[in-house]
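For reference, the structure discussed in these notes is given below.
Numbering (full-length UniProt numbering), first residue to last: 1 to 342.
Right, here's the structure in full:
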(Lines of atoms letter the chains of each structure in order from A; the text may use other names.)
(Lines give C-alpha, C1' and ligand atoms only; values in the text may rest on other atoms or scores of the structure.)
Protein backbone atom coordinates (compact mmCIF):
# COMPACT_ATOMS: atom_id res chain seq x y z
CA UNK A 1 0.00 0.00 0.00
CA UNK A 2 2.87 2.32 0.73
CA UNK A 3 4.34 1.83 -2.73
CA UNK A 4 2.82 3.24 -5.85
CA UNK A 5 1.85 1.07 -8.80
CA UNK A 6 1.21 1.87 -12.46
CA UNK A 7 -2.24 3.23 -13.10
CA UNK A 8 -4.69 0.54 -14.10
CA UNK A 9 -7.89 1.53 -15.84
CA UNK A 10 -11.08 0.07 -14.48
CA UNK A 11 -14.83 0.12 -14.66
CA UNK A 12 -15.21 2.25 -11.58
CA UNK A 13 -18.59 3.83 -11.06
CA UNK A 14 -18.37 7.15 -12.94
CA UNK A 15 -18.47 10.31 -10.82
CA UNK A 16 -21.55 12.47 -10.89
CA UNK A 17 -19.86 15.03 -13.14
CA UNK A 18 -18.68 12.55 -15.72
CA UNK A 19 -20.64 11.67 -18.80
CA UNK A 20 -21.51 8.16 -19.78
CA UNK A 21 -19.09 8.30 -22.66
CA UNK A 22 -16.15 8.53 -20.25
CA UNK A 23 -16.52 5.00 -18.84
CA UNK A 24 -13.28 3.03 -18.62
CA UNK A 25 -12.71 -0.63 -19.45
CA UNK A 26 -11.14 -3.02 -16.99
CA UNK A 27 -9.20 -6.14 -17.78
CA UNK A 28 -10.85 -9.33 -16.56
CA UNK A 29 -8.21 -9.89 -13.88
CA UNK A 30 -8.46 -6.40 -12.40
CA UNK A 31 -12.24 -6.22 -12.74
CA UNK A 32 -12.65 -8.78 -9.95
CA UNK A 33 -10.06 -7.12 -7.70
CA UNK A 34 -11.10 -3.48 -7.98
CA UNK A 35 -14.53 -3.40 -9.66
CA UNK A 36 -17.43 -1.79 -7.90
CA UNK A 37 -20.22 -4.37 -7.76
CA UNK A 38 -23.58 -2.97 -6.74
CA UNK A 39 -24.92 -6.30 -5.48
CA UNK A 40 -21.89 -6.73 -3.20
CA UNK A 41 -22.38 -3.22 -1.85
CA UNK A 42 -25.97 -3.92 -0.97
CA UNK A 43 -25.02 -7.08 0.92
CA UNK A 44 -22.04 -5.56 2.73
CA UNK A 45 -23.54 -2.23 3.73
CA UNK A 46 -27.26 -2.41 4.38
CA UNK A 47 -29.32 0.41 5.74
CA UNK A 48 -32.48 -0.14 7.78
CA UNK A 49 -35.63 -0.10 5.68
CA UNK A 50 -37.31 2.03 8.29
CA UNK A 51 -36.40 5.56 9.32
CA UNK A 52 -34.78 6.71 12.52
CA UNK A 53 -38.19 7.18 14.14
CA UNK A 54 -39.15 3.54 13.60
CA UNK A 55 -35.77 2.41 14.93
CA UNK A 56 -36.20 4.47 18.10
CA UNK A 57 -39.70 3.03 18.60
CA UNK A 58 -38.44 -0.54 18.25
CA UNK A 59 -35.62 0.06 20.69
CA UNK A 60 -37.96 1.83 23.11
CA UNK A 61 -40.51 -1.00 23.09
CA UNK A 62 -37.73 -3.56 23.53
CA UNK A 63 -36.30 -1.62 26.49
CA UNK A 64 -39.73 -1.33 28.13
CA UNK A 65 -40.36 -5.08 27.77
CA UNK A 66 -36.91 -5.90 29.11
CA UNK A 67 -37.37 -3.66 32.16
CA UNK A 68 -40.80 -5.14 32.90
CA UNK A 69 -39.59 -8.74 32.72
CA UNK A 70 -36.49 -7.85 34.73
CA UNK A 71 -38.70 -6.64 37.57
CA UNK A 72 -41.01 -9.66 37.24
CA UNK A 73 -38.07 -12.09 37.41
CA UNK A 74 -36.52 -10.31 40.38
CA UNK A 75 -39.81 -10.39 42.31
CA UNK A 76 -40.60 -13.93 41.15
CA UNK A 77 -37.14 -15.12 42.12
CA UNK A 78 -37.46 -13.61 45.58
CA UNK A 79 -40.95 -15.07 46.16
CA UNK A 80 -40.08 -18.50 44.78
CA UNK A 81 -36.66 -18.70 46.42
CA UNK A 82 -34.93 -19.26 43.04
CA UNK A 83 -31.52 -17.62 42.83
CA UNK A 84 -31.41 -18.54 39.12
CA UNK A 85 -34.40 -16.27 38.46
CA UNK A 86 -32.83 -13.42 40.43
CA UNK A 87 -29.61 -13.97 38.48
CA UNK A 88 -31.51 -13.89 35.21
CA UNK A 89 -33.07 -10.60 36.31
CA UNK A 90 -29.50 -9.33 36.70
CA UNK A 91 -28.71 -10.67 33.26
CA UNK A 92 -31.69 -8.76 31.89
CA UNK A 93 -30.27 -5.66 33.55
CA UNK A 94 -27.32 -6.02 31.18
CA UNK A 95 -29.78 -6.33 28.29
CA UNK A 96 -31.48 -3.14 29.45
CA UNK A 97 -28.07 -1.44 29.58
CA UNK A 98 -27.27 -2.51 26.02
CA UNK A 99 -30.68 -1.36 24.77
CA UNK A 100 -30.32 1.89 26.69
CA UNK A 101 -26.95 2.54 25.05
CA UNK A 102 -28.47 1.85 21.64
CA UNK A 103 -31.28 4.30 22.37
CA UNK A 104 -28.90 6.97 23.64
CA UNK A 105 -26.64 6.51 20.62
CA UNK A 106 -29.59 6.82 18.24
CA UNK A 107 -30.85 9.94 20.02
CA UNK A 108 -27.44 11.60 20.34
CA UNK A 109 -26.76 11.02 16.65
CA UNK A 110 -29.48 13.59 15.97
CA UNK A 111 -27.82 16.24 18.17
CA UNK A 112 -25.86 18.80 16.16
CA UNK A 113 -22.15 19.43 16.60
CA UNK A 114 -20.92 22.81 17.84
CA UNK A 115 -17.68 24.77 17.98
CA UNK A 116 -16.55 22.94 21.12
CA UNK A 117 -17.79 19.41 20.35
CA UNK A 118 -17.06 19.12 16.66
CA UNK A 119 -18.16 15.48 16.63
CA UNK A 120 -21.29 16.24 18.60
CA UNK A 121 -22.11 13.98 21.56
CA UNK A 122 -21.40 10.63 19.93
CA UNK A 123 -18.71 9.60 22.43
CA UNK A 124 -21.25 9.89 25.27
CA UNK A 125 -22.18 6.26 24.69
CA UNK A 126 -18.58 5.28 25.51
CA UNK A 127 -18.83 7.08 28.85
CA UNK A 128 -22.10 5.29 29.56
CA UNK A 129 -20.54 1.96 28.60
CA UNK A 130 -17.75 2.48 31.15
CA UNK A 131 -20.33 2.87 33.91
CA UNK A 132 -22.14 -0.20 32.60
CA UNK A 133 -18.95 -2.29 32.87
CA UNK A 134 -18.53 -1.43 36.54
CA UNK A 135 -22.12 -2.40 37.31
CA UNK A 136 -21.76 -5.70 35.42
CA UNK A 137 -18.63 -6.72 37.31
CA UNK A 138 -20.23 -5.98 40.70
CA UNK A 139 -23.43 -7.78 39.69
CA UNK A 140 -21.65 -10.93 38.47
CA UNK A 141 -19.57 -11.04 41.66
CA UNK A 142 -22.68 -10.82 43.87
CA UNK A 143 -24.48 -13.56 41.94
CA UNK A 144 -21.43 -15.86 42.12
CA UNK A 145 -21.12 -15.27 45.87
CA UNK A 146 -24.79 -16.03 46.48
CA UNK A 147 -24.58 -19.16 44.30
CA UNK A 148 -21.65 -20.52 46.31
CA UNK A 149 -23.58 -19.89 49.52
CA UNK A 150 -26.58 -21.76 48.10
CA UNK A 151 -24.37 -24.71 47.18
CA UNK A 152 -23.21 -24.87 50.80
CA UNK A 153 -26.66 -24.31 52.29
CA UNK A 154 -29.63 -24.80 49.91
CA UNK A 155 -32.01 -22.97 52.22
CA UNK A 156 -35.82 -23.31 52.09
CA UNK A 157 -37.51 -25.27 49.28
CA UNK A 158 -37.97 -23.53 45.93
CA UNK A 159 -41.50 -22.90 44.69
CA UNK A 160 -40.92 -24.61 41.36
CA UNK A 161 -44.34 -23.81 39.85
CA UNK A 162 -43.78 -20.08 40.31
CA UNK A 163 -40.19 -20.41 39.10
CA UNK A 164 -41.30 -22.18 35.90
CA UNK A 165 -44.18 -19.73 35.33
CA UNK A 166 -41.97 -16.64 35.59
CA UNK A 167 -39.24 -18.24 33.47
CA UNK A 168 -41.84 -19.03 30.81
CA UNK A 169 -43.03 -15.42 30.77
CA UNK A 170 -39.43 -14.28 30.50
CA UNK A 171 -38.81 -16.63 27.60
CA UNK A 172 -41.88 -15.35 25.72
CA UNK A 173 -40.84 -11.73 26.32
CA UNK A 174 -37.28 -12.39 25.12
CA UNK A 175 -38.59 -13.98 21.92
CA UNK A 176 -40.77 -10.91 21.36
CA UNK A 177 -37.79 -8.59 21.90
CA UNK A 178 -35.69 -10.62 19.45
CA UNK A 179 -38.44 -10.18 16.89
CA UNK A 180 -38.48 -6.41 17.47
CA UNK A 181 -34.69 -6.16 17.09
CA UNK A 182 -34.11 -8.52 14.17
CA UNK A 183 -34.56 -5.76 11.58
CA UNK A 184 -32.06 -3.35 13.16
CA UNK A 185 -28.64 -3.00 11.52
CA UNK A 186 -26.73 -0.54 13.74
CA UNK A 187 -23.81 -1.91 15.76
CA UNK A 188 -25.47 -1.00 19.05
CA UNK A 189 -28.74 -2.69 18.11
CA UNK A 190 -26.93 -5.84 16.95
CA UNK A 191 -25.05 -5.90 20.25
CA UNK A 192 -28.35 -5.61 22.12
CA UNK A 193 -29.76 -8.44 19.99
CA UNK A 194 -26.91 -10.72 21.08
CA UNK A 195 -27.46 -9.73 24.72
CA UNK A 196 -31.14 -10.69 24.50
CA UNK A 197 -30.30 -13.89 22.62
CA UNK A 198 -28.03 -15.03 25.47
CA UNK A 199 -30.78 -14.16 27.96
CA UNK A 200 -33.24 -16.23 25.94
CA UNK A 201 -30.92 -19.21 26.33
CA UNK A 202 -30.77 -18.52 30.08
CA UNK A 203 -34.59 -18.51 30.26
CA UNK A 204 -34.73 -21.87 28.49
CA UNK A 205 -32.14 -23.29 30.92
CA UNK A 206 -34.05 -22.01 33.97
CA UNK A 207 -37.33 -23.40 32.67
CA UNK A 208 -35.70 -26.75 32.00
CA UNK A 209 -34.06 -26.66 35.44
CA UNK A 210 -37.42 -26.10 37.12
CA UNK A 211 -38.90 -29.08 35.27
CA UNK A 212 -35.94 -31.32 36.19
CA UNK A 213 -36.07 -30.28 39.87
CA UNK A 214 -39.81 -30.94 39.86
CA UNK A 215 -39.12 -34.51 38.75
CA UNK A 216 -36.01 -34.93 40.95
CA UNK A 217 -36.33 -32.75 44.08
CA UNK A 218 -32.91 -33.96 45.26
CA UNK A 219 -31.24 -32.05 42.41
CA UNK A 220 -31.66 -28.62 43.99
CA UNK A 221 -28.01 -27.83 43.22
CA UNK A 222 -29.18 -27.11 39.66
CA UNK A 223 -30.49 -23.68 40.73
CA UNK A 224 -27.18 -22.27 42.06
CA UNK A 225 -25.22 -23.91 39.25
CA UNK A 226 -27.45 -22.14 36.72
CA UNK A 227 -26.83 -18.93 38.67
CA UNK A 228 -23.06 -19.40 38.39
CA UNK A 229 -23.38 -19.96 34.65
CA UNK A 230 -25.39 -16.76 34.28
CA UNK A 231 -22.81 -14.86 36.38
CA UNK A 232 -20.11 -16.05 33.98
CA UNK A 233 -22.22 -14.88 31.01
CA UNK A 234 -22.56 -11.44 32.58
CA UNK A 235 -18.83 -11.26 33.32
CA UNK A 236 -17.99 -12.32 29.75
CA UNK A 237 -20.25 -9.55 28.45
CA UNK A 238 -18.39 -7.07 30.67
CA UNK A 239 -15.02 -8.25 29.32
CA UNK A 240 -16.19 -7.88 25.73
CA UNK A 241 -17.48 -4.40 26.51
CA UNK A 242 -14.13 -3.43 28.08
CA UNK A 243 -12.29 -4.62 24.95
CA UNK A 244 -14.65 -2.66 22.71
CA UNK A 245 -14.28 0.51 24.78
CA UNK A 246 -10.49 0.12 24.76
CA UNK A 247 -10.42 -0.22 20.98
CA UNK A 248 -12.52 2.93 20.56
CA UNK A 249 -10.43 5.00 23.00
CA UNK A 250 -7.18 3.74 21.45
CA UNK A 251 -8.59 4.64 18.02
CA UNK A 252 -7.89 1.14 16.73
CA UNK A 253 -8.99 0.03 13.29
CA UNK A 254 -12.51 -1.46 13.70
CA UNK A 255 -12.35 -5.24 14.02
CA UNK A 256 -14.48 -5.87 10.92
CA UNK A 257 -12.22 -3.78 8.66
CA UNK A 258 -8.79 -4.48 7.14
CA UNK A 259 -6.73 -1.30 6.75
CA UNK A 260 -4.36 -2.92 4.22
CA UNK A 261 -7.23 -4.12 2.03
CA UNK A 262 -8.93 -0.72 2.19
CA UNK A 263 -5.70 1.04 1.20
CA UNK A 264 -5.24 -1.34 -1.74
CA UNK A 265 -8.84 -0.77 -2.82
CA UNK A 266 -8.32 3.00 -2.71
CA UNK A 267 -5.29 2.59 -4.97
CA UNK A 268 -7.56 0.87 -7.48
CA UNK A 269 -9.51 4.08 -8.02
CA UNK A 270 -8.66 5.72 -11.36
CA UNK A 271 -6.01 8.41 -10.96
CA UNK A 272 -4.65 7.14 -7.62
CA UNK A 273 -1.20 5.55 -7.74
CA UNK A 274 -0.46 5.20 -3.99
CA UNK A 275 -1.99 5.68 -0.56
CA UNK A 276 -0.09 6.45 2.64
CA UNK A 277 -0.63 7.90 6.13
CA UNK A 278 -3.87 5.91 6.29
CA UNK A 279 -5.82 6.02 9.57
CA UNK A 280 -9.17 4.38 10.32
CA UNK A 281 -10.90 4.69 13.67
CA UNK A 282 -14.26 4.71 15.42
CA UNK A 283 -15.81 7.90 16.78
CA UNK A 284 -18.72 5.94 18.24
CA UNK A 285 -20.61 2.80 17.31
CA UNK A 286 -21.83 3.24 13.77
CA UNK A 287 -19.63 6.27 12.99
CA UNK A 288 -16.33 5.44 11.31
CA UNK A 289 -13.68 7.93 10.24
CA UNK A 290 -10.81 7.69 7.79
CA UNK A 291 -7.97 10.00 6.83
CA UNK A 292 -5.33 9.37 4.19
CA UNK A 293 -2.96 10.93 1.68
CA UNK A 294 -3.62 10.07 -1.97
CA UNK A 295 -0.73 10.20 -4.42
CA UNK A 296 -2.18 10.87 -7.86
CA UNK A 297 -0.90 10.53 -11.41
CA UNK A 298 1.16 13.33 -12.89
CA UNK A 299 -0.96 15.83 -14.74
CA UNK A 300 -4.20 14.94 -12.96
CA UNK A 301 -4.44 18.12 -10.89
CA UNK A 302 -7.52 19.19 -12.80
CA UNK A 303 -9.25 15.93 -11.83
CA UNK A 304 -8.94 16.29 -8.08
CA UNK A 305 -12.68 16.63 -7.51
CA UNK A 306 -13.36 13.61 -9.70
CA UNK A 307 -10.81 11.49 -7.82
CA UNK A 308 -12.12 12.58 -4.41
CA UNK A 309 -15.72 11.83 -5.43
CA UNK A 310 -14.76 8.35 -6.68
CA UNK A 311 -12.73 7.42 -3.57
CA UNK A 312 -15.30 8.75 -1.11
CA UNK A 313 -18.14 6.97 -2.89
CA UNK A 314 -16.20 3.70 -2.87
CA UNK A 315 -15.41 3.98 0.85
CA UNK A 316 -19.04 4.72 1.66
CA UNK A 317 -20.49 1.91 -0.45
CA UNK A 318 -17.97 -0.81 0.33
CA UNK A 319 -17.13 -0.17 3.97
CA UNK A 320 -19.76 2.18 5.37
CA UNK A 321 -17.17 4.91 6.05
CA UNK A 322 -18.93 8.25 5.65
CA UNK A 323 -16.53 10.60 7.43
CA UNK A 324 -13.37 10.87 5.33
CA UNK A 325 -10.53 13.41 5.17
CA UNK A 326 -8.34 12.97 2.10
CA UNK A 327 -5.25 14.91 1.06
CA UNK A 328 -4.20 14.76 -2.60
CA UNK A 329 -0.49 14.89 -3.39
CA UNK A 330 1.81 14.60 -6.36
CA UNK A 331 4.50 11.91 -6.34
CA UNK A 332 7.18 14.57 -5.73
CA UNK A 333 5.32 16.06 -2.78
CA UNK A 334 4.72 12.62 -1.25
CA UNK A 335 8.49 12.10 -0.90
CA UNK A 336 9.20 15.32 1.00
CA UNK A 337 10.26 13.98 4.40
CA UNK A 338 9.81 17.26 6.27
CA UNK A 339 6.16 17.44 5.22
CA UNK A 340 5.29 13.89 6.31
CA UNK A 341 7.31 13.77 9.52
CA UNK A 342 5.18 12.51 12.46
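Built from N, CA and C at the ideal position, the CB exists for glycine as well.
Here residue 94 has 136, 195, 234, 237 as same chain residues with Cβ atoms under 7 angstroms from its own Cβ, once five neighbours each way along the sequence are excluded. Residue environment for residue 88: buried (at least 16 other C-beta atoms within 10 angstroms of its C-beta).
Around the C-beta of residue 103, 16 or more other C-beta atoms lie within 10 Å, and the residue is accordingly described as buried. If you look at residue 329, you'll find it isn't in any alpha helix (DSSP H); it sits in the beta strand (DSSP E) that goes 323-329. Between the alpha carbons of residue 212 and residue 126 lies a gap of roughly 42 angstroms.
Taken through DSSP and simplified to helix, strand or coil, residue 281 comes out as strand. With contacts defined by Cβ atoms closer than 9 angstroms, residue 245 and residue 68 do not form a contacting pair.
Look at residue 219 here: in three-state DSSP terms it is coil, with no helix or strand label. The Cβ atoms of residue 288 and residue 320 sit closer than 9 angstroms to each other. Residue 293 is a Cβ neighbour of residue 275, given a cutoff of 9 angstroms.
Within the same chain, Cβ atoms closer than 7 angstroms to the Cβ of residue 180 are found at 58, 61, 62, the five residues on either side in sequence being excluded. Under the three-state reduction of DSSP, residue 289 is assigned to strand.
A contact is defined here as three or more CB-CB pairs under 8 angstroms, and the region 140-155 fails this definition with respect to the region 109-124. Taken through DSSP and simplified to helix, strand or coil, residue 257 comes out as coil. The Cβ atoms of residue 85 and residue 76 sit closer than 9 angstroms to each other. For the pair residue 269 and residue 262, the Cα-to-Cα distance works out to about 11 angstroms. When secondary structure is reduced to three states using DSSP, residue 172 falls in the helix class.
Around the beta-carbon of residue 325, fewer than 16 other beta-carbon atoms lie within 10 Å, marking it exposed.
Taking C-alpha positions only, residue 221 is separated from residue 198 by approximately 22 angstroms. Counted as a single uninterrupted DSSP element, the alpha helix (DSSP H) harbouring residue 317 occupies residues 304-319.
Here residue 253 has 259, 280, 281 as same chain residues with Cβ atoms under 8 angstroms from its own Cβ, once five neighbours each way along the sequence are excluded. In this structure, residue 241 keeps its C-beta atom at 9 angstroms or more from the C-beta atom of residue 202. In the DSSP assignment, residue 295 is bridged to 274, 329. Residue 252 carries a coil assignment under DSSP once its states are collapsed to helix, strand and coil. Contact between residue 214 and residue 162 does not hold, since the beta-carbon distance rounds to 12 angstroms and is not under 8 angstroms. Only residues of its own chain outside the window of five on either side were considered, and among them 108 have a CB closer than 6 angstroms to the CB of residue 124, listed in chain order.
Ranked by Cα distance from residue 100, the first of 332, 155, 278, 56 is 56. Comparing C-alpha distances from residue 295 to each of 82, 277, 167, 328 shows the shortest one belongs to 328. In the displayed model, residue 117 falls within coil according to three-state DSSP, outside both helix and strand.
For residue 195, the three-state secondary structure derived from DSSP is helix. Scanning 291, 247, 265 for the CA closest to the CA of residue 285 turns up 247.
DSSP, reduced to helix, strand and coil, places residue 61 within a helical segment of the structure shown.
Here the C-alpha atom of residue 164 lies approximately 13 angstroms from the C-alpha atom of residue 83. In the structure shown, residue 82 adopts coil according to DSSP, grouped into three states.
If you draw a straight line from the Cα of residue 144 to the Cα of residue 305, it comes to about 60 angstroms.
Classified as buried, residue 121 has 16 or more neighbouring CB atoms from the shown chains inside 10 Å of its CB.
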